[in-house]
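In what follows, a structure is listed as structure tokens, so that the remarks can point back to it.
Numbering (the working numbering), first residue to last: -15 to 209.
Encoded structure:
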């Protein structure tokens, strides 16, 4: 007689797998949301600095954008995780190293979105703000940014979808996001076809609403412009 508690049933195994996907999805979302907040905040300042006529601001901002856009995110993740402790004595967990790398990488793209939006504003509006006596900060916050927000929203939402997809690279340094969690299970059950197929479906469920929202926002604002 075989003790039924000694061997997991198919139902309990399927439940365990669902929990793996759920835990991985939660970590993926947490990592992605943090990266969105940080990259948006940093990207705004870098974009404004790059648009500045002051060389002391625009040149470092341009270098920042080119460095992080022209090097692979995977290399950035590994470099921050392994090299920062050596160079600066700063040790980050795998999760936070991935968050920092993803934020820095995507902020370079966000900066270009902001810069392009700022450039698209009619120069006459800026001249009118100067005539009214508004300083640079007031001009940006009251005149320029409110106008370009509608144009920037669709690409910014698309940026969030890209962050969700790129978060899978965090698995290379052991972050238990979706891909790494599933890889660990496959090492035990040897069922890659099923596990990776469901993984693709989970990513689709996470990313499709974001991509759909970006398309709807783009159509909505296109009608209003």
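Positions of the beta carbon are idealized from the N, C-alpha and C atoms, including for glycine. Here the structure is a predicted model, which is why all the values come from computation and not from measurement.
Query, Result
"Examine chain C for any beta-carbon lying closer than 8 Å to the beta-carbon of residue 59, and answer yes or no.", "Reference to chain C is not applicable here, since this structure consists of a single protein chain."
"Indicate whether the contact test is met: 3 or more Cβ pairs, each with one atom in the stretch 48 to 55 and one in the stretch 119 to 136, closer than 8 Å.", "no"
"DSSP three-state label for residue 43, please.", "helix"
"Three or more C-beta pairs closer than 8 Å, one from the stretch 89 to 106 and one from the stretch 185 to 201: is that the case here?", "no"
"Within a Cβ cutoff of 8 Å, which residues of the same chain sit near residue 158, ignoring the five residues on either side of it in sequence?", "78 and 164"
"Where residue 133 and residue 101 are concerned, what is the direct C-alpha to C-alpha distance, given to the nearest angstrom?", "8 Å"
"Out of curiosity, what's the CA-to-CA distance linking residue 178 and residue 170?", "9 Å"
"Where do the N-terminal and C-terminal ends of the alpha helix (DSSP H) with residue 81 fall, by residue?", "78 to 103"
"Going by alpha carbons, who is nearest to residue 16 out of 98, 204, 145 and 5?", "145"
"Specify the secondary structure class of residue 119 as computed by DSSP and reduced to three states.", "coil"
"Just to confirm my understanding: we take residue 104, look at its own chain, exclude 5 residues before and 5 after, and list those with CB closer than 7 Å. What are they?", "132 and 135"
"For residue 139, which option in 200, 67 and 85 has the closest C-alpha, if you only look at C-alpha atoms?", "200"
"Hey, could you find the ends of the alpha helix (DSSP H) residue 171 is sitting in?", "162 to 173"
"With residue 145 as the anchor, note down where its alpha helix (DSSP H) starts and where it stops.", "129 to 150"
"For the candidate residues 198, 196 and 185, whose alpha-carbon lies nearest to that of residue 6?", "185"
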